[in-house]
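Notes follow the structure.
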Amino acid sequence: MIVFITTIRHPDNCTSYARVGRLLDSSLRSICNQTDDDLRVIVVHNSMPTVTVSDPRVSYVQVDFPAPSPERNARIPFNVFQRDKGTKCVVGVSAAQALGADHVMFFDADDYLHRGIAAFANSQLSHPGWYSPLGLIHSHGSRVVQAVTEGFHLKNGSTGIVRTDLCDVPSSLTPGSSQEDIVAHIDAPQVDQMFGGHGKWQDVLEARGHHMEPLPFPSAIWEIGTGENVSGNLVSARQKQALDDAISTDFSIELPSRWSHFSSSGRLLLKRLGRRIGRDSRAH
Numbered sequence: 001m002i003v004f005i006t007t008i009r010h011p012d013n014c015t016s017y018a019r020v021g022r023l024l025d026s027s028l029r030s031i032c033n034q035t036d037d038d039l040r041v042i043v044v045h046n047s048m049p050t051v052t053v054s055d056p057r058v059s060y061v062q063v064d065f066p067a068p069s070p071e072r073n074a075r076i077p078f079n080v081f082q083r084d085k086g087t088k089c090v091v092g093v094s095a096a097q098a099l100g101a102d103h104v105m106f107f108d109a110d111d112y113l114h115r116g117i118a119a120f121a122n123s124q125l126s127h128p129g130w131y132s133p134l135g136l137i138h139s140h141g142s143r144v145v146q147a148v149t150e151g152f153h154l155k156n157g158s159t160g161i162v163r164t165d166l167c168d169v170p171s172s173l174t175p176g177s178s179q180e181d182i183v184a185h186i187d188a189p190q191v192d193q194m195f196g197g198h199g200k201w202q203d204v205l206e207a208r209g210h211h212m213e214p215l216p217f218p219s220a221i222w223e224i225g226t227g228e229n230v231s232g233n234l235v236s237a238r239q240k241q242a243l244d245d246a247i248s249t250d251f252s253i254e255l256p257s258r259w260s261h262f263s264s265s266g267r268l269l270l271k272r273l274g275r276r277i278g279r280d281s282r283a284h
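For the sequence shown, this note's numbering gives the first residue as 1, with consecutive numbering after it.
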């Protein structure tokens, strides 16, 4: 069985907690449409936003960790974001161990996951795990996507599938453990960089003699331009392709209306113009 784990940021560090709930809703629908039903989902949170998905495979684990930043804003320092996310991911792994998970996959709560992940992982229960160099980027409201053909796992948090025992979360930690307990039992750099960061698992496990392999298909659609992205809105020059029925089916993402597409395209154009004007003004 594979357990998908995500974390929800503290409500004090969000632009709109209602929007966080809507994004999580879409992500949960995507995961619950996996072709293999042998899965569970764990959502670790301080306070649950409103969601409409009702599925017995989805569990919610509440923690009382403090807000990582006093700034009431989605753009918080990355190091404190990593500590908050990393300790919450450890809580998620502890809960997954109690469920008997063979593999865990960490995902961002606003991404869409490929429907074949559970079937792929569940067919190779002893495999150390996989990372996804392939992925897609979707600007919120747009009818196009951009393909990432290398290094997706270095930038996105929905790209790592790890055999549960290789996470090295000790049984002394429980879903009720405090952040202080977690950092006392697991080195802080491991919490921050492996559980709270991107693209570290394959290198660390390789050094231990466990070879992760690249996933043979894109793991996720990275949803940007939501107003809640830690990294901000990513404007990319990558070649675009239509968000067609095949992609919609594989990732359970709804096709936006044409009005949403034009609105999204207009926002991206204004952003590019703003950057160009800024560069030109600094040059004179």
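We put the CB at the ideal spot given by N, CA and C, even for glycine.
CA-to-CA distance, residue j to residue i, given in whole angstroms
i    : j    : result
A109 : S69  : 20 Å
T15  : S139 : 18 Å
R208 : F107 : 24 Å
S142 : G100 : 39 Å
S54  : I76  : 31 Å
K200 : M212 : 11 Å
N13  : N46  : 11 Å
Q241 : H185 : 46 Å
D37  : A118 : 8 Å
G160 : L125 : 15 Å
T164 : Q239 : 36 Å
G129 : D250 : 21 Å
M1   : T35  : 13 Å
F152 : P133 : 5 Å
I286 : Y17  : For the chain, the structure presents residues 1 to 284; residue 286 sits outside this window and is missing.
D245 : E71  : 40 Å
H210 : Q202 : 8 Å
R19  : Q179 : 27 Å
W222 : V183 : 29 Å
H114 : P56  : 20 Å
R29  : P189 : 33 Å
S366 : N79  : Given a span of 1 to 284 for the chain in the structure shown, any question on residue 366 remains unanswerable.
K85  : H127 : 25 Å
A74  : D25  : 19 Å
N33  : L243 : 18 Å
D181 : M105 : 23 Å
Whole-Å CB distance - residue i paired with residue j, under 8 Å assumed
i    : j    : result
V90  : V63  : The pair is not a contact, with the Cβ atoms about 10 Å apart (cut-off 8 Å).
I42  : V3   : 6 Å
V148 : L136 : 7 Å
L205 : L166 : 6 Å
R83  : V191 : 7 Å
S171 : A220 : The pair is not a contact, with the Cβ atoms about 30 Å apart (cut-off 8 Å).
S94  : T174 : 6 Å
Y112 : S59  : About 20 Å; that fails the 8 Å criterion.
P49  : I8   : 7 Å
Q97  : V169 : 7 Å
Pick from the options that is closest to residue i, judged by C-alpha positions
i    : options                   : result
T301 : G21, F65 and A74          : A question about residue 301 goes unanswered here, because the residues of the chain that appear run from 1 up to 284.
H103 : Q190, K200, P11 and Y131  : Y131
F217 : G116, S94 and F81         : G116
K155 : D165, G197 and S248       : G197
P11  : N33, V61 and P66          : P66
V61  : E150, R40 and A246        : R40
G225 : T7, M1 and L23            : L23
F81  : D245, M194, D244 and I253 : M194
T87  : Q146, I247, P56 and D187  : D187
I247 : Q146, P214, A74 and V44   : Q146
A121 : P214, D25 and G176        : P214
Residue interval of the beta strand (DSSP E) (run including residue i)
i    : result
A242 : K240 to A242
G129 : G129 to Y131
F4   : I2 to T7
I221 : A220 to I224
L39  : L39 to H45
Where the alpha helix (DSSP H) containing residue i begins and where it ends
i    : result
R22  : Y17 to C32
I247 : D245 to F251
Chain C contact for residue i (CB, 8 Å cutoff)
i   : result
V91 : Included in the structure is just one protein chain, with no chain C present.
Run through the stretch 57–100 for me and flag every whole beta strand (DSSP E) of 3 or more residues, listed as ranges in chain order. 58–62
Quick one: which unbroken beta strand (DSSP E) runs of 3-plus residues sit fully inside the stretch 153–208? Chain order, please. 160–163
In chain order, which alpha helix (DSSP H) runs of at least 4 residues are fully inside the stretch 102–151? 117–122
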